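So the sequences go chain by chain: A and B.
Numbers 1 to 203, taken from UniProt numbering, label the letters of the first sequence in order.
Numbers 1 to 309, taken from UniProt numbering, label the letters of the second sequence in order.
Backbone N, C-alpha and C define an ideal beta-carbon position, used for all residues, glycine too.
Small disclaimer: the values here were computed from a predicted structure and weren't measured.
Presented below is the structure to which this report refers.
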Amino acid sequence: MMQPQQPYTGQIYQPTQTYTPTTSQPFYGNNFEDEPPLLEELGINFDHIWQKTLTVLHPLKVADGSIMNETDLAGPMVFCLAFGATLLLAGKIQFGYVYGISAIGCLGMFCLLNLMSMTGVSFGCVASVLGYCLLPMILLSSFAVIFSLQGMIGVLLTAGIIGWCSFSASKIFISALAMEGQQLLVAYPCALLYGVFALISVF
Amino acid sequence: MHPAGLAAAGTPRLPSKRRVPMSQPGMADPHQLFDDTSSAHSRGYGAQRAPGNLGYPATSASPQAAFLTNPVSDMAVAYGSSLAAQGKELVDKNIDRFIPVSKLKYYFAVDTVYVGKKLGLLIFPYLHQDWEVQYQQDTPVAPRFDVNAPDLYIPAMAFITYVLVAGLALGTQDRFSPDLLGLQASSALAWLTVEVLAILLSLYLVTVNTDLTTIDLVAFLGYKYVGMIGGVLMGLLFGKIGYYLVLGWCCMSIFVFMIRTLRLKILSEAAAEGVPVRGARNQLRMYLTMAVAAAQPLLMYWLTFHLVR
């Protein structure tokens, strides 16, 4: 029932078409060739994954707050598996630890960010950001395949990469959640989480 | 675009125009087993499916589609989605009964400047003059704005760092295994719980009327982990001498910090200002404050000495 103050802005004599069928309509239940491609059905969009990866890899570039509006876990899954694979190349079969630590870490960050920010955050968003920022850690573990990280150079490299990961993650979090003056406070727990991953790579 | 069957991963997206149109509004997309209600902006069940209603019946020309257009499976999908949504509602409603989320948010309203100043205060409390928490119309001011207010960020982070540093220390002595981390964490947590309960019990027995809430108490008792971390790290770098020096200094500082903070909370107003007030009651409160403050260095030593060899 419309209120008298609200004018009707549509056309009275022609029905407005709210849905325009396109010719390439993917029509589920029709022929096999007309089904949408598998990646599109699964929601894996390689272009978006690449965009977000570039954001992580340029730690000094200012992050756009809206990139995390669509949470996708396909990219982080790929990165976790790649991390496990590089550990495998170094002779450490530790997929279980990677899974366990990332689950506990994501849960902890989810609780902390919900308590610290004005707006809440969903678990998928937290998992997605933390997964994307795992990318530099893959570099570290691939170094560990070639030469041991237990010397002075290894320590410096590890510290640098942990800093890079946590800086990117905190940058994305504070731009997505509009938290001011708290970047270091968000970066510290991220650094602890990535520190545990680094521990697995090094020892 | 909807993920097929992977909706448990939770991908809230706006539906594009190329989505399969539904013959009935309010039904979940057959690609998706559960409606995604994980984000705060989740849509209602059929709210955005209206554009897809113009006359495209989902006729099943191929056999593999027959299963999913079966009305019984549609109903099953809808039932499952509604069950999941109900479960989430239940959790949301009841979580506030056990964990007071809005009260906890006060303790996490911190910023970097506050944390820096508070850490400085924990290590060097001797020059700080004014220990009163400022009030703003009966409610204490958020930790962001007053360095004397207790917060839970530092104790929580310090606790986690302590567990990880303990793991590191054990690792350098070749005594590390991942279940030891869990053991350290649970033993430290157990000691914290025992402490909180003991102090609450003694406050009850002494019948003191304070505005010291349980969460405040947890916050104050969590500050000692900062000193413990410092001691263990110095012990790792410089051996036993470094450990004893730094631990000794941190023990003194936390003792003074606790006395000065708790004095304002537990003692009566007159005594807190330094005027000596006679009376058994105040004596008892004084002893209680001293006992709480003295327990801190003891626990700091007890929880770290086995990590430094």
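For this session: Quick one: list the residues of chain A neighbouring Gly171/B, beta-carbon separation under 7 Å, in chain order.
Result: What Gly171/B touches in chain A: Phe203.
Exercise. Using 8 Å as the Cβ pair cut-off and three pairs as the minimum, do the stretch 187–202 of chain B and the stretch 125–135 of chain B touch?
Worked result: The stretch 187–202 of chain B and the stretch 125–135 of chain B do not touch, with fewer than 3 CB-CB distances between them shorter than 8 Å.
Exercise. Is any beta-carbon of chain B found at less than 8 Å from that of Met109/A?
Worked result: No, its Cβ sits nowhere closer than 8 Å to a Cβ of chain B.
Exercise. At a CB-CB cut-off below 7 Å, which residues of chain B make contact with Pro189/A?
Worked result: Correct list: Met157.
Problem set entry | Through-space distance from Phe145/B to Val208/B, alpha-carbon basis | Computed Cα separation, rounded: 29 Å.
Exercise. If you run the structure through DSSP and keep just helix, strand and coil, what is Leu298/B?
Worked result: Look at Leu298/B here: in three-state DSSP terms it is helix.
Problem set entry | Own chain partners of Tyr106/B with C-beta closer than 7 Å, once the 5 adjacent residues on each side are dropped | Excluding positions up to five away in sequence, the list reads Ala142.
Exercise. Can you give the Cα-Cα distance for Phe95/A and Leu112/A, rounded to whole angstroms?
Worked result: In this structure, the straight-line span from the alpha carbon of Phe95/A to that of Leu112/A is close to 26 Å.
Exercise. Under 7 Å Cβ-Cβ, which residues of chain A neighbour Asp174/B?
Worked result: The premise fails here: Asp174/B is roughly 11 Å from chain A at the closest Cβ pair, so nothing lies under 7 Å.
For this session: Measure how close the beta-carbons of Phe83/A and Leu130/A come, nearest whole angstrom, since I'm counting them as under 8 Å.
Result: That belief does not hold up - the Cβ atoms of Phe83/A and Leu130/A are roughly 12 Å apart, past 8 Å.
Exercise. What residue does the alpha helix (DSSP H) around Asp47/A start on, and which one ends it?
Worked result: First-last of the alpha helix (DSSP H) with Asp47/A: Phe46 to Leu57.
Problem set entry | Val292/B in three-state terms, based on DSSP | The answer is helix: DSSP assigns Val292/B an H, G or I state.
For this session: Along the alpha helix (DSSP H) that carries Pro136/A, what are the first and last residues, could you check?
Result: Per DSSP, the unbroken alpha helix (DSSP H) holding Pro136/A starts and ends at Leu135 to Ile146.
For this session: Give the DSSP-derived three-state secondary structure of Pro12/B in the structure shown.
Result: Residue confidence for Pro12/B is low, a pLDDT of 47 falling below 50, so the modelled location carries little weight; the figure read from the coordinates is stated next. Per DSSP, reduced to three states, the secondary structure at Pro12/B is coil, with no helix or strand assignment.
Exercise. With a cut-off of 8 Å, do at least 3 Cβ pairs link the stretch 159–172 of chain A to the stretch 182–191 of chain A?
Worked result: Yes: at least three Cβ pairs fall under 8 Å.
For this session: To the nearest angstrom, report how far apart Gly248/B and Phe255/B are at their CA atoms.
Result: Looking at the two C-alpha atoms, the distance is approximately 11 Å.
Problem set entry | Secondary structure of Thr119/A, DSSP reduced to three states | When DSSP states are grouped into helix, strand and coil, Thr119/A belongs to the coil group.
Exercise. Taking buried to mean at least 16 other C-beta atoms within 10 Å of its own C-beta, is Pro136/A buried or exposed?
Worked result: Counting other Cβ atoms within 10 Å of its Cβ, Pro136/A reaches 16 or more and is therefore classed as buried.
For this session: Name, in chain order, the residues that DSSP records as bridge partners for Thr139/B.
Result: For Thr139/B, the beta-bridge partners assigned by DSSP are Gln136/B.
Exercise. What are the uninterrupted segments assigned as alpha helix (DSSP H) that are 4 or more residues long and contained completely in the stretch 195–275 of chain B, given in chain order?
Worked result: You should have 214–222, 224–266 and 269–272.
Exercise. Nearest CA to the CA of Phe123/A: which residue from Gln183/A, Trp164/A, Leu38/A and Leu73/A?
Worked result: Of the residues Gln183/A, Trp164/A, Leu38/A and Leu73/A, the one whose Cα lies closest to the Cα of Phe123/A is Leu73/A.
Exercise. Under three-state DSSP, which class holds Arg309/B?
Worked result: Of the three classes helix, strand and coil, the one that applies to Arg309/B here is coil, per DSSP.
Problem set entry | Exposure of Arg175/B, with buried meaning 16 or more beta-carbon neighbours within 10 Å | Its Cβ having fewer than 16 others within 10 Å, Arg175/B is exposed.
Exercise. What residues of chain A sit near Ile160/B, judged by a beta carbon separation below 7 Å?
Worked result: In chain order: Leu192.
For this session: Compare the C-beta of Tyr223/B with all C-beta atoms of chain A and state if any pair is closer than 8 Å.
Result: Closer than 8 Å: no.
Exercise. What's the call for Ala280/B, buried or exposed, on a 16-neighbour Cβ count within 10 Å?
Worked result: Burial call: exposed.
Exercise. How would you call Pro178/B, buried or exposed, if buried means at least 16 neighbouring beta carbons within 10 angstroms?
Worked result: So Pro178/B counts as exposed.
Problem set entry | Closest by C-alpha distance to Leu42/A, when choosing among Gly75/A, Val56/A, Phe32/A and Glu33/A | For Leu42/A, the nearest C-alpha among the options comes from Gly75/A.
For this session: Please state whether DSSP places Tyr126/B in a helix, a strand or coil.
Result: Shown here, Tyr126/B sits in coil according to DSSP, grouped into three states, outside any helix or strand.
For this session: Can you have a look at residue 321/B and say buried or exposed, based on whether 16 or more other CB atoms are within 10 angstroms of its CB?
Result: Residue 321/B cannot be examined here, being either before or after the span of chain B that is shown, 1 to 309.
For this session: Consider the Cβ of Gln182/A: report whether some Cβ of chain B lies at a distance smaller than 8 Å.
Result: Interface residue, yes.
Exercise. Whose Cβ in chain A lies nearer than 8 Å to the Cβ of Phe145/B?
Worked result: Against chain A, the beta carbon of Phe145/B has no neighbour under 8 Å; the closest one sits roughly 12 Å away.
For this session: Compare the C-beta of Val165/B with all C-beta atoms of chain A and state if any pair is closer than 8 Å.
Result: Interface annotation, Val165/B: not in contact with chain A, CB-CB separation never under 8 Å.
Exercise. Is the Cβ of Gly195/A closer than 8 Å to any Cβ of chain B?
Worked result: With respect to chain B, the C-beta atom of Gly195/A has a partner C-beta closer than 8 Å.
For this session: Taking only beta-carbon positions, decide if Lys117/B is within less than 8 Å of chain A.
Result: For Lys117/B, the answer is no, since every Cβ of chain A falls outside 8 Å of its Cβ.
Problem set entry | Whole-number beta carbon distance between Gly222/B and Ala158/B, since they are thought to touch under 8 Å | Confirmed, about 6 Å.
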